[in-house]
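All remarks here apply to the structure that follows.
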Amino acid sequence: MRASFDKSSKITIRELNHDDWALYKAYYKSLSNPRHFSGYLENKDLDDPKTGINFFKDAFQAGNFILFGMFDRNKMIGQTSITFLDDKQYNNTALLAGSEITDDYRGQRLVDKFYETRMNYLKRIGFDGDIIMSIHPDNAPSQKAAARNGFIKTGALDNQGFHILS
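When the sequence shown is numbered by this note's numbering, its final residue is 247 and no position is left out of the sequence of numbers.
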């Protein structure tokens, strides 16, 4: 059962970097079923400092990835990201991906804050390319959140069979 949402909570979102590993690790361990980065982290010793260093180094090494954390005061409760694609199919495209919120904060439309943050970030940097996202076909809550935030299905699927929205 979901805990009642504390309306007095102080929700903030900011970019994450390697100094945030301890917060990220606690967040990741709190997830009942981590979907994002689970393949990367599943066989790693999360308590080894090298895991955090490598996680952020690998994620950010190409210079085309921004990771945001959502916090209730000092507790990380969610993550989302933007990946800038630069290939033949998706030249100059921002992929909004990786949104995940801990179980006890779900159902409060906090994901809308992720949409707002990512769109504001793209405006701030003057991004003028396409903005897309992909959502698993069985993930109805994410599809509703995307529609609520102005994204529609394009009719195309990515290489994993996820709907592409723009």
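Backbone N, C-alpha and C define an ideal beta-carbon position, used for all residues, glycine too.
Restricting to Cα atoms, I'd like to know which of the options is closest to residue i.
{"i": "R154", "options": "R95, I216, M214, Q224", "result": "R95"}
{"i": "S215", "options": "L122, K156, N240", "result": "N240"}
{"i": "L104", "options": "E123, L166, G150", "result": "G150"}
{"i": "I92", "options": "R190, S113, Y121, S111", "result": "R190"}
{"i": "H117", "options": "D209, G236, Y196, G179", "result": "G179"}
{"i": "S90", "options": "R205, K156, Y196, A140", "result": "K156"}
{"i": "S111", "options": "N172, E181, I233, G207", "result": "E181"}
{"i": "L249", "options": "M200, Q170, N114, I206", "result": "Past the boundaries of the shown model lies residue 249; the chain is included only from 82 to 247, so the question cannot be answered."}
{"i": "F195", "options": "A143, F152, D139, S113", "result": "F152"}
{"i": "N172", "options": "D209, D101, W102", "result": "D209"}
Residues in its own chain within less than 7 Å of residue i by CB, not counting five upstream and five downstream?
{"i": "K106", "result": "L127, G133"}
{"i": "H217", "result": "F243"}
{"i": "A227", "result": "M214, I216, L246"}
{"i": "S223", "result": "I216"}
{"i": "F232", "result": "M214, L246, S247"}
Assuming contact is defined by CB atoms lying nearer than 8 Å, are residue i and residue j in contact in what I supplied?
{"i": "D129", "j": "T174", "result": "no"}
{"i": "I147", "j": "Y202", "result": "yes"}
{"i": "G159", "j": "T198", "result": "no"}
{"i": "T161", "j": "N145", "result": "no"}
{"i": "K176", "j": "L166", "result": "The question names Lys, but residue 176 is Leu in the sequence shown. Their beta carbons are under 8 Å apart, which means L176 touches L166 by this criterion."}
{"i": "N98", "j": "F136", "result": "no"}
{"i": "L122", "j": "Y108", "result": "no"}
Under 8 Å by Cβ, that's how I've got residue i and residue j pegged, so tell me the actual separation to the nearest angstrom.
{"i": "I230", "j": "D193", "result": "Checking the sequence shown, residue 230 turns out to be Asn, not Ile. About 6 Å; that satisfies the 8 Å criterion."}
Starting from the C-beta of residue i, find all residues in its chain whose C-beta is less than 6 Å away, skip the five residues before and the five after it, and write them out in chain order.
{"i": "K125", "result": "T132"}
Which residue spans inside the stretch 155-215 form an unbroken alpha helix (DSSP H) run of at least 4?
Restricted to the stretch 155-215, the alpha helix (DSSP H) segments that are unbroken, complete and at least 4 residues in length are 192-205, listed in chain order.
Runs of 4 residues minimum, wholly inside the stretch 99-149: which ones carry the alpha helix (DSSP H) assignment?
If we require 4 residues or more, the alpha helix (DSSP H) runs fully inside the stretch 99-149 come out as 102-111, 119-122, 130-141.
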